[in-house]
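Participant: Let me begin by handing over the structure; questions about it come next.
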């Protein structure tokens, strides 16, 4: 049975190879617009992105609670020394009015910046959690997943931005991500932030992202859920 | 030194005084909760401690993370007592607030524990508004559509807050609520509510990361009275039940035999102990019935014992039976051999018994028994024919040596033989003694067993003529002395009376007084003598009452055949001629044909 299948496969390949016109080349999917295949709308894209960010935030929330529960039993807020998050340099609106005052492009940019800023630290977080004996595999997996999600989300948001730019919603004032500024999570004292601090900071930033995306969505595509 | 000491002493005294007065510094307040209804403002509440009996003021102070600037609560009133309201300008999201409450009174102050608050995570929206529940009637049945609106303060339109809703329904009497998640929509259809019942509905909401709001006020809705039409279910039920009925019917049909057995158990057949059906089936009926025979039942009473033996007239010289037919004689001849005693023929039985008795008696008897040995058998009384010839009616004279005696078998151990007196050759018979039998059974005859006695004594009592040689012996109960009536004809007698000497007074049955025809005493056991032939042969009339088809007939139409009954006498008739003149046929003409069994 398998032999016959193999033969058939070989035959097909040979046919394909022989055919001069059949050349495999990479081409974007659905380049020819809605007639070709189903192109997700901006609303769909936004929904996907928002869902993604929600999932990411919930993950970060869980990890943070876990950390807080197991590794900071005293919960003595007095003794906490909060170091600044490395993303605190990014100006983010801290209220609804502030966020609504921002233009779409700026908002998008903020989102992208945030997500970009967290690409490496999340990787580091995962690395440190995996190496430490204290964490069980479940937590380190969560951290890894979180990092992947952040990456995916960034990609998604970039796509959305692209889409918007295509649709003319976004002006060209959005400069490409000045990704050159890679921010390293280095505190003032120069020490690397601890895992808990990273988690704490990321939890907050993921919430920001989610919120900003929602605002963006309801501003751009206010069909439903707005 | 002095001043510090004085201050110490003063403070100590003040404390004592204050304690005596019941006042003290305020207790530690406590921040209970901080909530933001729309993620734009928030409120914190605290719990005051012991006020120490003095008016105490509270102040809320906060500082933002990574900032040392301490701010005081901007609004103590909006949210009520012991609360602090932060408006939009003072609220910053994604920033930690470090809040403390300070209680101050005249004697001191106290600071509560600080609390870290991030406004983005303390959102608890207000309750949804305008909850309406409407009954919608449709084909499948009515249902309730609950709809509501978002809380006024929550700004979901801009996407700042995303709320998800939840509603719960119950009847008034129910204990538990039934909860439904509505998601982010603002309506919900509730199905499967009981008809004609009132329901309570409540709704609440929650932001994606936050706390649930309070439940709304109860909304009441009444379901209409309707009959649920669930056709498909009923159809299924019907089909299923029909299927089950079919299966049951088929099963019953298959097992109808066992069902029949169960419902109508067969009536058990009769059981006979010792009865083997298989034997019956195999056809061996004798074995079957043999097993049923109970030994000893019925109690065999040999009726031979009860009956008076029948006397057979036998001619000594000729050694032939004259009384009975040839067969009888043959039987008697045959009955010489002891083996013939077991023959089934009744007459033979009696005869053989007689023979036996005679034989037995013979041994113990006197010399007269010699006669028997000569004969080899019991001496039978000679027939009347020969005897009668020489006799006159009523004269006890013997004919030439013929003694007509009835054979008598005595029950007494003594030899009981009739022997003739005088020169008559004794013809012995033994007649069983009826009396000695003491058998209470109904004896067919009124005849008493006679035992020999002093016949000559009794001779006079016999008052009968006729050829009938009847030896009638009265028997005293105590003296069974044999006696022989020399010249009496043999006939049956019946006891007339018992004289004082314990003697039975006999009266022959063949009395003139009697009606010959009517006296049919023994019926089957007696045979009527019809005539006496010239050959000294008694012709007996066959008892045609049971043997002959045409009833009792004088002429003896019956054929000569052996009667089936073993105890019955063989009655033979020979049409040989007229009765001799000398012979007197007795009135009744009966010959006793039964022999009683000796009881010794």
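Chains as they are written, first to last, in this note's numbering: chain A, 650 to 875; chain B, 108 to 707.
Every residue, glycine too, gets a C-beta built ideally from N, C-alpha and C.
All figures in this text were calculated on a predicted structure; none of them were measured in a lab.
(1) How would you write the range of the alpha helix (DSSP H) that residue 702/A sits in, first residue to last?
(2) Is it right to say residue 372/B is buried, meaning 16 or more other beta carbons lie within 10 angstroms of its own, or is it exposed?
(3) Which word fits residue 658/A, buried or exposed, when buried means at least 16 other C-beta atoms lie within 10 angstroms of its C-beta?
(4) Rounded to the nearest angstrom, what separates residue 267/B and residue 690/A at their Cα positions?
(5) How long is the line joining the alpha carbons of residue 764/A and residue 309/B, rounded to whole angstroms?
(6) Check this for me: beta carbons of residue 192/B and residue 148/B, under 8 Å apart or not?
(7) Run through DSSP, which three-state label would residue 644/B get?
(8) Could you tell me the alpha carbon to alpha carbon distance between residue 230/B and residue 315/B, rounded to whole angstroms?
(9) For residue 728/B, would you say it is in contact with chain A, using Cβ-to-Cβ distances shorter than 8 Å as the test?
(10) Hey, residue 178/B and residue 170/B: beta-carbon distance below 8 Å or not?
(11) Going by DSSP, what residue range makes up the beta strand (DSSP E) through residue 776/A?
(12) Against chain E, does residue 790/A count as a neighbour if the rule is that its beta carbon must be under 8 Å from one of theirs?
(13) Alpha carbon to alpha carbon, what distance is there between residue 248/B and residue 198/B?
(14) Go to residue 285/B, then tell me how far its beta strand (DSSP E) extends in each direction, as first and last residue.
(15) Quick one: using the 10 Å Cβ neighbour count with 16 as the cut-off for buried, is residue 369/B buried or exposed?
(16) If you draw a straight line from the alpha carbon of residue 737/A to that of residue 747/A, how long is it in whole angstroms?
(17) Check whether the Cβ atoms of residue 312/B and residue 270/B sit closer than 8 Å, and answer yes or no.
(18) Using a Cβ-Cβ cut-off of 6 Å (strictly less than) and excluding sequence neighbours within five positions of residue 186/B, which residues of its own chain qualify?
(19) What does the Cβ neighbour count give for residue 803/A, buried or exposed, with the cut at 16 atoms within 10 Å?
(20) Suppose the cutoff is 8 Å on Cβ atoms and the five residues either side in sequence are ignored; what does the same chain contact list for residue 862/A look like?
(21) With respect to the alpha helix (DSSP H) encompassing residue 129/B, which residues constitute its N-terminal and C-terminal limits?
(22) Which residue comes first and which comes last in the alpha helix (DSSP H) that contains residue 792/A?
(23) Compare the Cα-Cα distances from residue 287/B to each of 141/B, 221/B, 379/B and 252/B and report the closest residue.
(24) If the cut is a Cβ gap below 7 Å, which residues of chain A does residue 266/B touch?
(25) How would you label residue 225/B, buried or exposed, when you count the other beta carbons within 10 angstroms and need 16 or more for buried?
(26) Between the stretch 285-301 of chain B and the stretch 205-222 of chain B, can you find at least three pairs of beta-carbon atoms closer than 8 Å?
(27) Hey, would you say residue 320/B sits closer than 8 Å to residue 258/B, going by beta carbons?
(28) Along the stretch 685-704 of chain A, what residues have a CB closer than 8 Å to any CB found in chain B?
(29) If the cut-off is 8 Å on Cβ atoms, which residues from the stretch 181-207 of chain B count as contacting chain A, listed in chain order?
(30) Please work out which residues of its chain come closer than 6 Å, Cβ to Cβ, to residue 200/B, disregarding the five sequence neighbours upstream and downstream, and give them in chain order.
(31) Within 8 Å (strictly less), CB to CB, does residue 853/A reach chain B?
(32) My output table needs one value for residue 311/B: the three-state DSSP class, helix, strand or coil.
(33) Could you work out which residues of chain B lie near residue 805/A, taking near to mean beta carbons separated by less than 7 Å?
(34) With a threshold of 8 Å on Cβ separation, who are the neighbours of residue 305/B within its own chain once the five nearest residues in sequence on each side are excluded?
(35) Rounded to whole angstroms, what is the Cα-Cα separation between residue 426/B and residue 647/B?
(36) Show which residues of chain A have a CB atom less than 8 Å away from the CB atom of residue 147/B.
Facilitator: On the basis of the data shown:
(1) 691-720
(2) exposed
(3) exposed
(4) 22 Å
(5) 40 Å
(6) yes
(7) coil
(8) 9 Å
(9) Because chain B in this structure spans residues 108 to 707, residue 728/B falls outside the shown range and cannot be described.
(10) yes
(11) Unbroken run through residue 776/A is the alpha helix (DSSP H), 768-780; no beta strand (DSSP E).
(12) Looking for chain E here will not work: the only protein chains present are A and B.
(13) 51 Å
(14) 285-290
(15) exposed
(16) 16 Å
(17) yes
(18) 150 and 192
(19) buried
(20) 695, 698, 699, 702, 760 and 806
(21) Residue 129/B -> no alpha helix (DSSP H), and no H or E assigned at all.
(22) 786-816
(23) 252/B
(24) 863, 864, 866, 867 and 875
(25) buried
(26) no
(27) yes
(28) 703
(29) 195, 198, 199, 200, 201, 202, 203 and 205
(30) 226 and 227
(31) yes
(32) strand
(33) Those within 7 Å of residue 805/A in chain B number zero; the least Cβ separation is about 17 Å.
(34) 278, 279, 327, 328, 329 and 330
(35) Below a pLDDT of 50, predicted positions are generally treated as unreliable, and residue 426/B, at 48, falls in that range; no measurement from the model is reported.
(36) 744 and 745
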